[in-house]
Amino acid sequence: MSLTCQVTASFLLIFSLSTKGENSKQIRVIWGPLDHDINLDLSGFQKSDGIEHVRWDKGRTLAAELRNDDVTFQLNERYEILTNRTLKIKHLKRNDSDIYSVHIYDTHGKRVFQEEFDLKILEMVSTPKFSWNCSNATLTCEVMKGAALELTLHQNGKRLTSSQQKVIRHRWINVNAPFKCTATNSVSKEYNTTTVSCPERGLKIYLIAGTCAGGLLLLVFVALLIVCISKRKKQNRPRDGEELEIKAFRTTPGEKRPKPHQIPAAASQNPAAPQAPPPPGHCPQVLPGRGPLPRSHRVQHPQRRRPPPPGTQVYQQKGPPLPRPRAQPNPPCDAAEDAPPPSPN
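Numbering (this note's numbering), first residue to last: 836 to 1180.
Structure follows, in structure tokens:
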């Protein structure tokens, strides 16, 4: 290889190494916790008496400036330059995430130090919380706050499972040893431990069986009660009917015999007024000295039933008809008519 090629290769190697070193020192990634303070410390800087001017920029905006140890500019009260030229940011907000750069000059105006920071804001993780379900042997670990986090579950120093979500679940085999859940991200770390306690499965089975048996017995008891009540009602119905019939026949004598109709005095004084027809079976009286009327001259009056007196309850018979007493036959009217009239003596 010629001398020219060797010189060219050496120059390129030195240039690439120097460029790589500049880039590695140029930007530093800094993670800041949300709602907390942070200091952007300078790496490899030593304070000397020849420093005159310190300037901190946020992106392309001036954040804070110091000249001859006197503060000449502050973007707001949350930015402060400390004595060691470090920038302090108070109560970090999400919009504080940006590229920060520092420039330090000596009394001759020469830049003696420069560094850049890439500030990223994250929410700190909260303390993990445990919950478990004994029926399916599942343990749950959960965090309520945090970003870009990782959950890890350990038992007796052995890692069981991990996840980058806020909830992690695990089906256990042995619960004799306590569980430890750890939540971490770039700005915080929290953990919690617990011991799972579950009742014996045999006791739970007995409890379920006893509950089912008690429910079955209660159902059978209710069914028997309903059957007994229905039978009792069916037996009481005929007795109620018989009592009603007996009460209907137990009437007073005044209700059985209607009161005779009173004939008004005006009707008795007026002989020309029409008279009520004689009741059935009544034989007309033969006046003395006159013979009986022939049958052709007898007036046939239709038989009418007398209406019941007011206030009398008419009973309607239910079931088969009851036996009635025999009616005594009345003497025939013809025999009385054919009999010879009495002698005048």
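Ideal Cβ placement from N, Cα and C applies to all residues, glycine included.
Bear in mind the structure is a predicted one, so any value in this text is a computation, not a measurement.
Comparing alpha-carbon positions, which option in the options lies nearest residue i?
i: K964; options: I1003, D905, S883; result: I1003
i: Y940; options: I886, Q990, E951; result: I886
i: L986; options: G1045, E1025, K923; result: E1025
i: P1034; options: K925, N968, L901; result: N968
i: N919; options: G894, S961, E912, R890; result: R890
i: K1015; options: S961, L988, Q999, I865; result: L988
i: K893; options: S878, W866, S932, D884; result: S932
i: T1029; options: T907, V1057, T962, L1052; result: T962
i: S883; options: N1027, T942, F1056, V1010; result: T942
What does a CB cutoff of less than 6 angstroms around residue i pick up in its chain, not counting 5 residues either side in sequence?
i: W1007; result: A972, L974
i: F948; result: F880, I939
i: S966; result: T975
i: P868; result: M959, V1022
i: A899; result: W891, Q909, Y914, I916
i: V1010; result: V1031
i: L901; result: V889, I916
i: A1058; result: none
i: I865; result: F952, L954
i: I1098; result: Because the pLDDT at I1098 is just 44, under 50, the model does not fix this residue reliably, and the point stays unresolved.
i: N1027; result: T962, P963, C1016
i: G944; result: none
i: T907; result: E900
Does the Cβ of residue i have 16 or more other Cβ atoms within 10 Å, making it buried, or fewer, making it exposed?
i: T1017; result: buried
i: K979; result: It should be noted that the sequence gives Met, not Lys, for residue 979. Result: exposed.
i: V937; result: buried
i: K925; result: exposed
i: I916; result: buried
i: F850; result: With a pLDDT of 43 at F850, under the threshold of 50, the modelled position of that residue is not reliable, and the figure given next carries that caveat. Exposed.
Under 8 angstroms by Cβ, that's how I've got residue i and residue j pegged, so tell me the actual separation to the nearest angstrom.
i: V1022; j: M959; result: 6 angstroms
i: Y935; j: L954; result: 6 angstroms
i: K923; j: N874; result: 5 angstroms
i: D876; j: T921; result: 5 angstroms
i: T996; j: H1005; result: 5 angstroms
Might you give, ordered along the chain, the residues of its own chain that have their beta carbon closer than 7 angstroms to the beta carbon of residue i, omitting 5 neighbours on each side?
i: H1132; result: With a pLDDT of only 48 at H1132, under the threshold of 50, the placement of this residue in the model should not be trusted; the figure read from the coordinates follows. No residues qualify anywhere along the chain.
i: A1012; result: Q990, N991
i: D870; result: H926, L927
i: N903; result: E887
i: S998; result: L986
Enumerate in chain order the residues of its own chain whose CB-to-CB distance from residue i is below 8 angstroms, with the five nearest sequence positions on each side excluded.
i: K1001; result: E977, V978, M979, G981, L984, L986
i: G1049; result: none
i: T896; result: L910
i: I862; result: I934, E951, F952, D953
i: A1100; result: Only weak support exists for where A1100 lies, its pLDDT of 43 falling under 50; the value from the coordinates is given anyway. Here the set comprises nothing.
i: R994; result: T987, L988
i: G856; result: For G856, the predicted structure reports a pLDDT of 41, less than 50, and the residue's modelled location is therefore unreliable. The matter cannot be settled from this model.
i: P1106; result: A caution first: P1106 carries a pLDDT of 42, below 50, which makes its placement in the model too unreliable to give a value.
i: R946; result: H938, I939, Y940
i: C1047; result: none
| task | At 3 residues or longer, and completely inside the region 927-1007: list those beta strand (DSSP E) runs for me, N to C. | result | Correct list: 933-941, 946-957, 964-968, 973-977, 985-990, 993-998, 1002-1006.
| message | Runs of 3 residues minimum, wholly inside the region 1006-1058: which ones carry the beta strand (DSSP E) assignment? | response | Here the runs fully enclosed are 1014-1019, 1024-1029.
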